[in-house]
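Peer 1: Order-wise, the sequence lines are chains L and V. If you read the first sequence in the numbering used here, its first letter stands for residue 22, the second for the next number, and so on. If you read the second sequence in the numbering used here, its first letter stands for residue 96, the second for the next number, and so on. Below: one structure in structure tokens.
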Amino acid sequence: MTAHHGAKREFSFTVNGERRAVRAYPMERLLDVLRNELSLTGTKEGCGEGECGACSVLVDGALVDSCLVPVAQAQGSKIVTIEGIAQDARFASLREAFLELGGAQCGICTPGMILAAVHLLERKASPTMDDIREGLSGNLCRCTGYAQILEAVAEAARRAGAR
Amino acid sequence: MRSDPADFDLITPANLTAAVAMLAESPREWLPIAGGTDVMVQLASGTLRARKLLSVWNLPELRRIDALPEEIQIGAGSTYTDLRRSEIVSREFPLLARAASWTGGIANQNRGTIGGNIVNASPAADSLPALLAYQAELILVSAAGERRIPYVDFHRDYKKMVLAPGELIRSVCLPQRYSGYVQYSRKVGGRNAQAISKVCVAALGRIERGAIEDVRIALGSVAPIPIRLRETEKLLLGKSPSADLVAKAGETAMAETHPIDDIRSTARYRAAVVGNLVNEFLEILGGAANRE
């Protein structure tokens, strides 16, 4: 049996507001392209099968697990990673609340948690605790026990509302 | 071990016509990929057999929901998020909207599609019992044209289905005739999000003059494919949902279900849950009879 080999192709998209072009195999995971080609290592690999949310990014505004997105399907899209959120003044409350309330411990899940929280808060500025639990339900943390993370998102929403 | 992406090709046709034309050229070679929530997991585990993939993600003809006078047609490329956000799906087909809300987490719902869920053919798929209960029909499309089949005939056995090589699901059609019905669904799993169901149920029933005039009870995770509880339904039809009947229906449901032991649950637990879910549904249906 002869294996079929795909060839590298050029793909372009906007990452954190900048136009980027990469040469990659079309079935390469967006996760690997972000980390290895674009040196955006804030996006983490956890399970590699869409269970843990560590590799969460926004593609055209939608929260996705970048380990499950072949790069060819991201062609032409607008991608936001944790590095983009880090510089965004709109999410200052969220970053502060995670720091102050112990929302991050080892930190591997944190970029994904923040991305999921951003995705939620952009749709619901004043979420209930159930909304927060649902919004972050695809993100696993093995350190915090979740309470501090959920509380950090609730606090961030309160502070953003008060501003 | 994870596969090497260099061993795979993936093409992204711009529209449905181009996609089915390419599939027709070498129908056994191409594997369609939509949001990748199953295919990419196979890539991760090194079990993806196809080497040539054809993307149907975001094809405009597949990602739309049309309300026609007699039915709604849900494009097979509609995501769970699309289903949850659709006003008509939430209002008229709550069993499907609810199943979408407890499939995976938000990121999975943003990528997973109804068509992908059907062809992945997991016995535990949460959205499929709703399609059985609503008597959905599927429109299949290939370069040769379209055909329409009842969803109940689509899955034949574990991961076996009547999709011909080169064929795609275009739409899921749901007839709009369920106003006045009691609609019940429940997922029993380790947790609602992410966890795969131990048992999931979607049921519909209508009471007229105190008697059960129509009833469908569909289950996932208890057989190689999603099933209807035909014996239980037969027992219930035309009768008043009395306490005796409810108890008998629970027993009948347990007797006609043959689940298995696996990592998520045991056959014994699943059968007991089936009985309890049927009882719960009938108590709610009975409540509707009393309010009549």
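Ideal Cβ positions, reconstructed from N, Cα and C, are used throughout, including at glycine.
Would DSSP call residue 289(V) helix, strand or coil?
Peer 2: As a first step, residue 289(V) is located in the second sequence; it is residue number 194 there, counting from the start. Coil.
Peer 1: Kindly indicate which three-state DSSP category residue 320(V) falls into: helix, strand or coil?
Peer 2: If you number the second sequence from 1, residue 320(V) lands on position 225. Coil, per DSSP.
Peer 1: Could you check where the beta strand (DSSP E) with residue 32(L) kicks off and where it finishes?
Peer 2: Translated into positions along the first sequence, residue 32(L) becomes position 11. 30 to 36 is the extent of the beta strand (DSSP E) around residue 32(L).
Peer 1: In chain V, which residues lie less than 7 Å from residue 90(L) when you measure between Cβ atoms?
Peer 2: Taking the first residue of the first sequence as 1, we reach residue 90(L) at position 69. Correct list: 131.
Peer 1: So, for residue 322(V): in the same chain, excluding its five sequence neighbours on each side, which residues have a beta-carbon less than 6 Å away from its beta-carbon?
Peer 2: In the second sequence, residue 322(V) corresponds to position 227, counting from 1. Excluding sequence neighbours, residue 322(V) sits near 314.
Peer 1: Does any C-beta atom of chain V lie closer than 7 Å to the C-beta of residue 185(L)?
Peer 2: Not covered by the structure: residue 185(L). The range shown for chain L is 22 to 184.
Peer 1: Would residue 107(V) pass as an interface residue toward chain L - the criterion being a Cβ-Cβ separation below 7 Å?
Peer 2: Indexing the second sequence from 1 puts residue 107(V) at position 12. Yes, contact with chain L.
Peer 1: So which residues on chain L does residue 206(V) lean against when the C-beta distance must stay under 7 Å?
Peer 2: Position 111 of the second sequence holds residue 206(V). Those within 7 Å of residue 206(V) in chain L are 85, 89.
Peer 1: If you drop the 5 nearest sequence neighbours on each side, which residues of the same chain put their C-beta closer than 6 Å to that of residue 373(V)?
Peer 2: Residue mapping note: residue 373(V) aligns to position 278 of the second sequence, counting from 1. Once the five neighbours on either side are set aside, the close Cβ partners of residue 373(V) are 344, 345, 348.
Peer 1: Name the chain V residues whose beta carbon is nearer than 8 Å to that of residue 74(L)?
Peer 2: Here the question's residue 74(L) lines up with position 53 in the first sequence. Result: 200, 202.
Peer 1: Assign residue 257(V) to buried or exposed, taking buried as 16 or more other Cβ atoms, counted over all protein chains shown, within 10 Å of its Cβ.
Peer 2: Taking the second sequence and counting its residues from 1, the one referred to as residue 257(V) is at position 162. Residue 257(V) is exposed by the Cβ-count criterion.
Peer 1: Jot down the residue ranges of each uninterrupted beta strand (DSSP E) in the stretch 195 to 276 of chain V, minimum 3 residues, whole runs only, in chain order.
Peer 2: Whole beta strand (DSSP E) segments, 3+ residues: 232 to 237, 240 to 245, 250 to 252, 263 to 270.
Peer 1: Is the stretch 84 to 91 of chain L in contact with the stretch 129 to 138 of chain V, if contact means three or more CB pairs nearer than 8 Å?
Peer 2: With the cut-off at 8 Å, the stretch 84 to 91 of chain L and the stretch 129 to 138 of chain V touch.
Peer 1: Give me the Cβ distance between residue 265(V) and residue 171(V), rounded to the nearest whole Å; I'm assuming they're in contact under 8 Å.
Peer 2: Within the second sequence, numbered from 1, the residue matching residue 265(V) stands at position 170. Within the second sequence, numbered from 1, the residue matching residue 171(V) stands at position 76. Correct: roughly 6 Å between the Cβ atoms.
Peer 1: If the cut is a Cβ gap below 8 Å, which residues of chain L does residue 97(V) touch?
Peer 2: Counting from 1 along the second sequence, the entry for residue 97(V) is found at position 2. Chain L residues near residue 97(V): 69.
Peer 1: How should residue 162(L) be labelled, buried or exposed, when 16 other C-beta atoms within 10 angstroms of its C-beta is the threshold for buried?
Peer 2: Residue mapping note: residue 162(L) aligns to position 141 of the first sequence, counting from 1. Buried.
Peer 1: Mind checking whether residue 289(V) and residue 200(V) have CB atoms under 7 Å apart?
Peer 2: Taking the first residue of the second sequence as 1, we reach residue 289(V) at position 194. Taking the first residue of the second sequence as 1, we reach residue 200(V) at position 105. Yes, the pair counts as a contact, with Cβ atoms nearer than the cut-off.
Peer 1: For residue 380(V) versus residue 336(V), is the C-beta spacing smaller than 7 Å?
Peer 2: Reading the second sequence from its first residue, position 285 is the one you call residue 380(V). Reading the second sequence from its first residue, position 241 is the one you call residue 336(V). It is a contact, given that the beta carbons lie within the stated cut-off.
Peer 1: DSSP beta-bridge partners for residue 303(V)?
Peer 2: Taking the second sequence and counting its residues from 1, the one referred to as residue 303(V) is at position 208. Partner(s): 306(V).
Peer 1: To the nearest angstrom, how far is it from the Cα of residue 22(L) to the Cα of residue 260(V)?
Peer 2: As a first step, residue 22(L) is located in the first sequence; it is residue number 1 there, counting from the start. As a first step, residue 260(V) is located in the second sequence; it is residue number 165 there, counting from the start. Residue confidence for residue 22(L) is low, a pLDDT of 39 falling below 50, so the modelled location carries little weight; the figure read from the coordinates is stated next. If you take the alpha carbons of residue 22(L) and residue 260(V), they lie about 21 Å apart.
Peer 1: Quick one: list the residues of chain V neighbouring residue 46(L), beta-carbon separation under 8 Å, in chain order.
Peer 2: Numbered from its first residue, the first sequence carries residue 46(L) at position 25. Those are 100, 101, 103, listed as they occur along chain V.
Peer 1: What number of angstroms, rounded off, separates the C-alpha of residue 358(V) from the C-alpha of residue 223(V)?
Peer 2: On the second sequence, residue 358(V) is found 263 positions in, with the first residue counted as 1. On the second sequence, residue 223(V) is found 128 positions in, with the first residue counted as 1. If I take the Cα positions, the gap works out to 21 Å.
Peer 1: Is residue 58(L) close to the ligand NAP? I mean its beta-carbon at under 6 Å from any heavy atom of the ligand.
Peer 2: The ligand content of the structure shown is nil, which means the ligand NAP is not present either.
Peer 1: In three-state terms, what does DSSP make of residue 279(V)?
Peer 2: As a first step, residue 279(V) must be located in the second sequence, where it is residue number 184. Residue 279(V) falls in the strand class under three-state DSSP.
Peer 1: Pop quiz: residue 188(V) and residue 229(V) are said to be a contact at Cβ under 8 Å. What is the actual Cβ separation, rounded to whole angstroms?
Peer 2: Numbered from its first residue, the second sequence carries residue 188(V) at position 93. Numbered from its first residue, the second sequence carries residue 229(V) at position 134. Contact flag correct, Cβ pair sits at about 6 Å.
Peer 1: With a threshold of 6 Å on Cβ separation, who are the neighbours of residue 49(L) within its own chain once the five nearest residues in sequence on each side are excluded?
Peer 2: Here residue 49(L) refers to the residue found at position 28 of the first sequence. Correct list, in chain order: 92.
Peer 1: Between residue 180(V) and residue 146(L), what straight-line distance do the alpha-carbon atoms span, to the nearest angstrom?
Peer 2: Reading the second sequence from its first residue, position 85 is the one you call residue 180(V). Reading the first sequence from its first residue, position 125 is the one you call residue 146(L). Distance between the alpha carbons of residue 180(V) and residue 146(L): 17 Å.
Peer 1: Would you mind reading off the limits of the alpha helix (DSSP H) that contains residue 144(V)?
Peer 2: Here residue 144(V) is taken as the residue at index 49 of the second sequence, counted from 1. First-last for residue 144(V): undefined, no H or E at that position.
Peer 1: Applying the criterion that 16 or more other CB atoms from any shown protein chain within 10 Å of the CB defines a buried residue, is residue 155(V) buried or exposed?
Peer 2: Translated into positions along the second sequence, residue 155(V) becomes position 60. The residue is exposed, with fewer than 16 neighbouring Cβ atoms inside 10 Å.
Peer 1: Sort out for me which residues DSSP pairs residue 166(V) with in a bridge.
Peer 2: Mapped onto the second sequence, residue 166(V) falls at position 71. DSSP lists 270(V) as partners of residue 166(V).
Peer 1: Can a CB atom of chain C be found closer than 7 Å to the CB of residue 49(L)?
Peer 2: Judged by its chain identifiers, the structure shown contains no chain C, and its protein chains are L and V.
Peer 1: In this structure, does DSSP put residue 174(V) in helix, strand or coil?
Peer 2: Against the second sequence, residue 174(V) aligns to sequence position 79. In this structure, residue 174(V) counts as strand in the three-state DSSP scheme.
Peer 1: Rounded to a whole number of angstroms, what is the C-alpha to C-alpha distance between residue 24(L) and residue 147(V)?
Peer 2: As a position in the first sequence, residue 24(L) is number 3, starting the count at 1. As a position in the second sequence, residue 147(V) is number 52, starting the count at 1. Residue placement at residue 24(L) is poorly supported in this model, since its pLDDT is 47, which falls under 50; the coordinates still yield a value, given next. Each residue's alpha carbon lies about 10 Å from the other.
Peer 1: Under 7 Å, Cβ to Cβ, is there at least one residue of chain L near residue 159(V)?
Peer 2: Along the second sequence, one-based indexing puts residue 159(V) at 64. For residue 159(V), the answer is no, since every Cβ of chain L falls outside 7 Å of its Cβ.
Peer 1: Pairs of beta-carbons, one from the stretch 160 to 179 of chain L and one from the stretch 99 to 111 of chain L, closer than 8 Å: are there three or more?
Peer 2: Result no; under three Cβ-Cβ pairs closer than 8 Å.
Peer 1: Cα separation between residue 285(V) and residue 293(V)?
Peer 2: The residue given as residue 285(V) occupies position 190 in the second sequence. The residue given as residue 293(V) occupies position 198 in the second sequence. Cα-Cα distance, rounded: 8 Å.
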